[in-house]
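Per mature numbering (1 follows the signal peptide of the UniProt record, and there is no 0): the sequence shown = residues -24 to -1, 1 to 224.
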Amino acid sequence: MYRVRPCGFVLLVTFSCFLTLSVSHVTEPAEVSALRAVKSSLIDGMKNLDDWETGDPCTSNWTGIICSGVLRDGGPYLHIREIHLLNMNLSGKLAPELGQLSRLQILNFMWNELTDCIPKEIGNLKSLKLLLLNGNKLSGPLPDELGYLPMLNRFQIDQNQISGVIPKSFSHLKSMGHIHFNNNSLSGQIPPELSNLTTVIHLLLDNNNLSGYLPPELSQLPMLRILWPAISNPDLIRVNKQAHAPLN
């Protein structure tokens, strides 16, 4: 009996499956909605983000967006991994919907003209490693929620108008290496609880309205290389043999 070879059929099925998989791997819909909310909160005078109005963030390569690859478990969606919108003359404010980008590792809005507060919802980003907001016009207090980001390594808000105290919750930032809070309007005492940040390398707090003295507990930080401002306290001589002067 004549038998039909199945090779062509198998090839067709394989190609169809490949095509289906390729088409299905798009950005998580909730993350697309979050990015659209982010754009709605921004004033983009230079029209750098016009490509955010059409297509898919990951497969259409939206400006400033870097995505993760396909999930190992075979899930159909790509996820937003990094946002790089530095130096784009953006004004407006940061949308709370940023907190819905659950896989985000880098959030970079450096050197823009952003105003208003830092959304507390950013504290939901448990994969966040770099929070780079320096060189804007952000104001208001630092949310306590930002102290519960277990992966955060670099926290830059320098050269803004941030006010209020440094939250004690920031002592929970166990992966922290670089804190750049200088050139703001922070006030109150530096929390001694920051001595729990055993991985911190840079602690920059100069040009604020801080009062009191630098806690002597900071002298025990094993990785600390740059501490500014330092103050007149004999217990801190061990911190890289720096000269210390009172805060004012």
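Note that beta-carbon positions come from the ideal geometry of N, C-alpha and C, so glycine has one too.
Residue i: buried (16+ other C-beta within 10 angstroms of its C-beta) or exposed?
| i | result |
| --- | --- |
| residue 204 | exposed |
| residue 5 | exposed |
| residue 99 | buried |
| residue 174 | exposed |
| residue -4 | Confidence at residue -4 is low in this model, with a pLDDT of 38, below 50, so the placement of that residue is unreliable and no value is reported for it. |
| residue 123 | buried |
| residue 136 | buried |
| residue 152 | buried |
| residue 19 | exposed |
Between the C-alpha atoms of residue i and residue j, what's the straight-line distance to the nearest angstrom?
| i | j | result |
| --- | --- | --- |
| residue 9 | residue 39 | 16 Å |
| residue 181 | residue 108 | 16 Å |
| residue 202 | residue 64 | 30 Å |
| residue 112 | residue 86 | 7 Å |
| residue 156 | residue 129 | 11 Å |
| residue 96 | residue 69 | 13 Å |
Using DSSP with H/G/I as helix, E/B as strand and the rest coil, what is residue i?
| i | result |
| --- | --- |
| residue 98 | helix |
| residue 12 | helix |
| residue 65 | coil |
| residue 116 | strand |
| residue 28 | helix |
| residue 76 | helix |
| residue 131 | strand |
| residue 106 | strand |
| residue 45 | coil |
| residue 151 | coil |
| residue 140 | strand |
| residue 83 | strand |
| residue 170 | helix |
| residue 203 | strand |
In the DSSP assignment, what are the bridge partners of residue i?
| i | result |
| --- | --- |
| residue 3 | 54 |
| residue 182 | Answer is none; residue 182 lacks a bridge partner. |
| residue 163 | 185 |
| residue 20 | 66 |
Say whether the region 23 to 40 touches the region 68 to 79, bearing in mind that this needs 3 or more beta-carbon pairs closer than 8 Å, one atom from each stretch.
no
Does the region 80 to 92 come within contact of the region 23 to 33, defined as at least 3 CB pairs closer than 8 Å?
No contact exists between the region 80 to 92 and the region 23 to 33.
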